[in-house]
Amino acid sequence: MSVNANDITVIIDTGCANLSSVKYAFERLNANVVVTAEHAQIKAATRVVLPGVGTAGAAMDALNNRDLVTVIKSLTQPILGVCLGMQMLSALSKEHGGRAQSNVECLNVIPTQITALNSQGLPLPHMGWNQIQVGNHPLFKGIANGSYVYFVHSFKAPISQYTLAQCEYGETFSAAIGNGNFFGVQFHPEKSAQIGAQILQNFLNMGTSQ
Amino acid sequence: MLAKRIVPCLDVRDGKVVKGVQFRDHEIVGDIVPLAARYALEGADELVFYDITASAHDRVVDKSWVSRVAEQIDIPFCVAGGIKTIEQAREKLAFGADKISINSPALTDPSLISRLQDEFGRQCIVVGIDSYYDKASNSYKVKQFTGDEAATKDTQWFTQDWVEEVQQRGCGEIVLNVMNQDGVRGGYDITQLSLIRALSDVPLIASGGAGEMVHFKQVFEQANVDAALAASVFHKGIIDINDLKQYLHNEAIPVRL
Chain A
-17 MSVNANDITV IIDTGCANLS SVKYAFERLN ANVVVTAEHA QIKAATRVVL
33 PGVGTAGAAM DALNNRDLVT VIKSLTQPIL GVCLGMQMLS ALSKEHGGRA
83 QSNVECLNVI PTQITALNSQ GLPLPHMGWN QIQVGNHPLF KGIANGSYVY
133 FVHSFKAPIS QYTLAQCEYG ETFSAAIGNG NFFGVQFHPE KSAQIGAQIL
183 QNFLNMGTSQ
Chain B
-15 MLAKRIVPCL DVRDGKVVKG VQFRDHEIVG DIVPLAARYA LEGADELVFY
35 DITASAHDRV VDKSWVSRVA EQIDIPFCVA GGIKTIEQAR EKLAFGADKI
85 SINSPALTDP SLISRLQDEF GRQCIVVGID SYYDKASNSY KVKQFTGDEA
135 ATKDTQWFTQ DWVEEVQQRG CGEIVLNVMN QDGVRGGYDI TQLSLIRALS
185 DVPLIASGGA GEMVHFKQVF EQANVDAALA ASVFHKGIID INDLKQYLHN
235 EAIPVRL
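Top to bottom, those sequences are chains A and B.
With the working numbering, letter number 25 in the first sequence gets 7, and the count goes up by one each step, no holes.
With the working numbering, letter number 256 in the second sequence gets 240, and the count goes up by one each step, no holes.
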């Protein structure tokens, strides 16, 4: 794929810890990547990535402190949330702890709720490589059912009409969710070797006028 | 199904990968990034980098190689060595490490675990534990500052108590390194790992003693650990990671091929 100077993937600078990993992963695919919290740059992007690591409360604080909530909700280009970034796209997270003493209101662009993963006694966090079953969303083009991707999380989006891919760990949960131009993955494609790279490449193929 | 992880450990000293026997007499194995890239390509599920001089010598792990690894490697990796503050941890994570592992500083100040967890979430906080069998008391105990023989010292912690403590304080994963068998490749300490597995609600990584492929099968089947860490068998080419994973797959252990 040739790099088009007008094709810009913006990673929203939420100040969270895994920004550079996500950036490097796109750069390995020769994408033109900008990390920024500037509203104008985000709005002008071909596509936008919302990364996130940590707790729901801290992540929403980061978005609120940068006045990003309204900006993100108004975007019409493809938006990919990664891990906690996916959870931020939901209506509400029931993850307490960290700085959050109660439920955390999220962006509500994918109307589902984030709840604790019921691992049925298996170790938590759900950490490591697990298999996904994928739907026919363009994000998973060429990805076989049973492919392994890397997860690290203790909260999940339940299976719903917004589920794009699913995974099982104690219970079946959403490995990916989507609603229109907003979608997110619970796993870390930037750390999921060739499978992850294919998913990110599929994302790069979106929002182009081809 | 969640795969059992194979985790090569790269002990780093002065920017090079080293390996010692019984934690002594370190020899240089190779450069960091090429070794990391090789392991990722061969099917390693995750990498751990321990700066073994950092804790003992009061230095902080050199960060420049952390971002070089993150740029080139598309599997998760954990950085350990001398991380004592929130800011030091933030730096490693910002450079692209997925997890940070603390060992000696947590023994000096256990509140470090809870403070790191509050800031970054438990998913990226790993606690490494160097455990040994103490014949005199017929119990498992914890050592500190194992990166340097001269600085290594016993602690008052029994391993089981410390495992409970670090979980209560919010760690997201435990690496249990059993020192008695490290480097001699006689197999993992199944008895001790099974004991600690039963106490661990977080993922548990077995470390120390791998010498043959059957040792990995045993530690997954008998101790039910989530991951198995090894160094010398991979560095010295005694076990090829591709072969190991194919073998485990044939033995009905879930692995990512």
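Where is the CB? At the ideal position from N, CA and C, for every residue including glycine.
The structure displayed is predicted, hence computed values, not measured ones.
Taken atom to atom, the span from the alpha-carbon of K229 (chain B) to that of E103 (chain B) is near 36 Å. When beta bridges are read from the DSSP output, F155 (chain A) appears opposite A:C149.
Those residues of the stretch 93 to 109 of chain B placed with their C-beta closer than 9 Å to a C-beta in chain A are Q101, D102, E103, F104, G105, R106, Q107 and C108, ordered along the chain. Nearest in C-alpha terms to A27 (chain A), of all of A:L71, A:Q59, A:Q95 and A:N(-14), is A:Q59.
Pairing F8 (chain A) with V15 (chain A) gives a Cβ-Cβ distance under 7 Å.
With contact defined as three or more Cβ pairs closer than 8 Å, the stretch 182 to 192 of chain A and the stretch 217 to 227 of chain B are not in contact. Within its own chain, the residues whose Cβ lies closer than 8 Å to the Cβ of I54 (chain A), once the five positions on either side in sequence are excluded, are I(-6), I24, V30, L32, L45, I61, L89 and V91, listed in chain order. Residue nearest to A73 (chain B) within the set B:Q56, B:R106, B:V168 and B:E55 is B:R106 (criterion: CA-CA distance). Against chain A, the CB of L(-14) (chain B) has a partner CB under 7 Å away; the residue lies at that interface.
Across the structure, R169 (chain B) and P238 (chain B) are spaced so that their CA atoms are roughly 23 Å apart. Apart from sequence neighbours up to five positions away, the residues of its chain that approach I12 (chain B) with a beta-carbon distance below 6 Å are K0 and V2, ordered along the chain. Not flagged as an interface residue toward chain A: G112 (chain B), since no C-beta distance is shorter than 7 Å. Taking a Cβ-Cβ threshold of 7 Å, the residues of chain A close to R240 (chain B) are W111 and Y130, in chain order. Listed by position along chain B, the residues whose Cβ is nearer than 8 Å to that of A139 (chain A) form an empty set, because the closest Cβ is around 16 Å away. Taking the C-beta atoms as reference points, L99 (chain A) is found nearer than 7 Å to H108 (chain A).
Around the C-beta of L241 (chain B), fewer than 16 other C-beta atoms lie within 10 Å, and the residue is accordingly described as exposed. Contact check for I113 (chain B) and Q101 (chain B): beta-carbon distance about 17 Å, past the 8 Å limit, so the pair fails to qualify.
An exposed status is given to Q102 (chain A), since fewer than 16 other beta-carbon atoms sit within 10 Å of its beta-carbon.
Taking the Cβ atoms as the reference, D35 (chain B) lies roughly 5 Å from V(-4) (chain B), within the contact range of under 8 Å. For A175 (chain A), the chain B residues whose C-beta falls within less than 8 Å of its own C-beta are A24, D58 and I59, listed in chain order.
In the three-state reduction of the DSSP assignment, T(-9) (chain A) falls in the strand class.
Listed along the chain, the chain B residues whose CB falls inside 8 Å of the CB of S3 (chain A) are A54, G80 and D82. In the structure shown, Y132 (chain A) adopts extended strand secondary structure according to DSSP, grouped into three states.
Interface residue (Cβ-Cβ distance to chain B less than 7 Å): V134 (chain A) is classified as such.
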